[in-house]
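**Q** Just dropping this structure here.
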Amino acid sequence: MDKVSMSHEDYLEAIIMLGGSPDAPIRSVDIAKKMDVSKASVNKAVGLLKSKGYVDQPYYGDVTLTDEGYSYGQAIYKRHRYLTAFLSKGLGIEQKTAEDEACLMEHAISDDSFEKWVAYIDSLGLVED
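In terms of my numbering, the sequence shown opens at residue 368 and continues consecutively.
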């Protein structure tokens with residue numbers, strides 16, 4: 368999987384959070400609203416994600432995740448959910464702060480470290496699927 372920048376990972380995650388999948392396209396305007404950015408910013412990000420093979424978008428059409436984009440987005444979203452749960456439930460950090468900090472941390476941890484950490488967190492029962 369070809370890595371992209373933190374902000375582009377955030378776009379993939381937002382599409383997942385909006386219910387996007389290879390079978391469920393998402394409107395650019397909904398992505399812009401979710402991320403609190405302009406539609407032009409979404410179009411620029413989608414262009415890069417399309418060039419990497421993570422999304423498809425016909426000219427002025429809705430954004431659809433490719434299978435690879437869906438997997439990548441799901442992985443980022445899983446990191447976000449686990450980190451948020453650990454910070455809020457495990458450490459007692461206020462929810463908004465936990466969300467914000469999880470968003471920063473989800474991009475920094477390696478896949479190997481994250482999977483080992485997930486096994487530990489699962490043993491504590493902090494995250495519900």
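From the three backbone atoms N, C-alpha and C, an ideal C-beta is built for every residue, glycine too.
By DSSP, does aspartate 429 sit in helix, in strand, or in coil?
**A** If DSSP states are grouped into helix, strand and coil, aspartate 429 belongs with coil.
**Q** According to DSSP, is alanine 475 helix, strand or coil?
**A** coil
**Q** What are the boundary residues of the alpha helix (DSSP H) that arginine 394 is part of?
**A** Segment: none, arginine 394 is in no alpha helix (DSSP H) and carries neither H nor E.
**Q** Is the Cβ-Cβ distance between isoleucine 383 and tyrosine 444 less than 9 angstroms?
**A** yes
**Q** Buried or exposed for glutamate 380, going by 16 or more other Cβ atoms inside 10 Å?
**A** buried
**Q** Would you tell me roughly how many angstroms separate the C-alpha atoms of valine 485 and tyrosine 421, rounded to the nearest one?
**A** 25 angstroms
**Q** If you follow the alpha helix (DSSP H) that tyrosine 378 is in, where does it begin and where does it stop?
**A** 373–384
**Q** In the DSSP assignment, what residue or residues form a beta bridge with aspartate 423?
**A** Thr431
**Q** Buried or exposed, going by whether 16 or more other CB atoms sit within 10 Å of the CB of tyrosine 437?
**A** Counting Cβ neighbours within 10 Å, tyrosine 437 comes out buried, since at least 16 surround it.
**Q** Shortest alpha-carbon distance to methionine 373 belongs to which of Val494, Gly492 and Ala469?
**A** Methionine 373 has its Cα closest to that of Ala469, out of Val494, Gly492 and Ala469.
**Q** Between which two residues does the alpha helix (DSSP H) harbouring serine 418 extend?
**A** 406–418
**Q** Can you tell which of Leu432, Val494 and Ala475 has the C-alpha that lies nearest to the C-alpha of glycine 386?
**A** Leu432
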